[in-house]
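Accompanying notes for the structure given below.
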Ligand SMILES: NC(=O)c1ccc[n+]([C@@H]2O[C@H](COP(=O)([O-])OP(=O)(O)OC[C@H]3O[C@@H](n4cnc5c(N)ncnc54)[C@H](OP(=O)(O)O)[C@@H]3O)[C@@H](O)[C@H]2O)c1
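In the working numbering, the protein residues as written are 6 to 332.
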């Protein structure tokens, strides 16, 4: 049984605790919050045994094998490095890290300590992602792709009220691309690998962080246009157009509920999802750990690197700078 300690009591940690309940071989045993009342409340709500206010104390506890880090993006590196040094298997929320320098350093620590690190990547393990993979040949060659992930954020109202929520902060490595677009990038990298060219045109705040934007990825023979917005909404959809037909998937790569194959006539090829998207990823993480599946583990790390290369190149092209880039 892999015993997990959750770090942070945000909404995403709640989803993790719920999602983990459906995973054999994994149990949430601890919660860490800076605020004792929040830790106790989370523990009561999710039936978690141990509570901590100090992260280091949680890392020292031998009853915990792994940590899940559900903290703002710029904190991922520091918290994950400490966890790996304490030899705790580490599961990081997306986006994995702020930049490639952090990635190199974290992978080195993970190798040195022989401790695995994973991304809570909802995209790769979704059954409907496999449906898309299985039908790409039917429409080949691919000629045009559009993906839209627009979600009006409550935090945007805070921004309008003069605050800087973490998700719109350069200090916390925020922005529409790394918050929403990252899911589309994961799907593109999974299906097609590294693009030949990357251009991101964004609507930016004075701190350089993107509120919305259009990421263009150029591949041999086709172009993908990935739209992400945190200050508008629409019926999100993924459209993969080929010479022989089209695949429509919805709503977003983070949660593909429906897949339609159009080869002249539209056919619903959706596989019904049994669980929330996180649960599929956790099943796979438990399998990789228990079976010591090095090959899949290394493939996952290569995938993460390519996604981070795309995100960093996109940020560079749009002039989006994180505080973490200067450290
Ligand atoms: N929110 C979502 O829908 C969602 C969905 C998918 C993925 N994610 C990912 O989940 C991560 C967290 O996102 P979020 O929107 O939940 O962030 P958040 O609300 O800003 O922060 C999450 C938690 O982190 C802790 N925290 C906040 N600031 C901190 C600080 N300065 N130092 C130490 N701990 C701090 C807090 O927990 P305590 O007060 O208990 O310490 C807070 O509840 C991000 O990487 C995001 O990309 C979020």
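In this text, a Cβ means the ideal position worked out from N, Cα and C, and glycines have one as well.
Bear in mind that the values here come from a model prediction, so they are computed numbers and not experimental data.
Asked: Bridge partners - residue 124, DSSP secondary structure assignment; Found: 97
Asked: According to DSSP, residues forming a beta bridge with residue 200; Found: Bridge partners of residue 200: none, in fact.
Asked: Local Cβ density within 10 Å of residue 180, reported as buried at 16 or more and exposed below that; Found: buried
Asked: Residue 104 and residue 327 closer than 8 angstroms at C-beta; Found: yes
Asked: Residue closest to residue 255, alpha-carbon to alpha-carbon, out of 87, 300, 188 and 205; Found: 188
Asked: Helix, strand or coil at residue 28 [DSSP, three-state]; Found: coil
Asked: Cβ neighbour criterion (16 or more within 10 Å) applied to residue 301; Found: exposed
Asked: Distance CB(residue 53)-CB(residue 287) smaller than 8 angstroms; Found: no
Asked: Alpha helix (DSSP H) segments (min. 4 residues) lying fully within the region 111-193; Found: 132-144 and 159-165
Asked: Per DSSP, the bridge partner or partners of residue 255; Found: 263
Asked: Three CB pairs or more closer than 8 angstroms across the region 247-265 and the region 208-222; Found: no
Asked: One or two residues paired with residue 232 in a DSSP bridge; Found: 153 and 219
Asked: Chain C within 8 angstroms of residue 216, Cβ atoms only; Found: Absence of chain C from the displayed structure is noted, only one protein chain being present.
Asked: Short Cβ contact (8 angstroms threshold) for residue 68 with residue 80; Found: no
Asked: Beta-carbon proximity of residue 11 to residue 106, cut-off 8 angstroms; Found: no
Asked: 8 angstroms Cβ cutoff met for residue 223 and residue 202; Found: yes
Asked: Near ligand 1: residue 15 beta-carbon under 7 angstroms from a heavy atom; Found: yes
Asked: CA nearest to the CA of residue 242, picked from 236, 121, 186 and 208; Found: 186
Asked: Pairwise C-alpha distance: residue 199 and residue 141; Found: 17 angstroms
Asked: Rounded C-alpha distance that separates residue 152 from residue 128; Found: 14 angstroms
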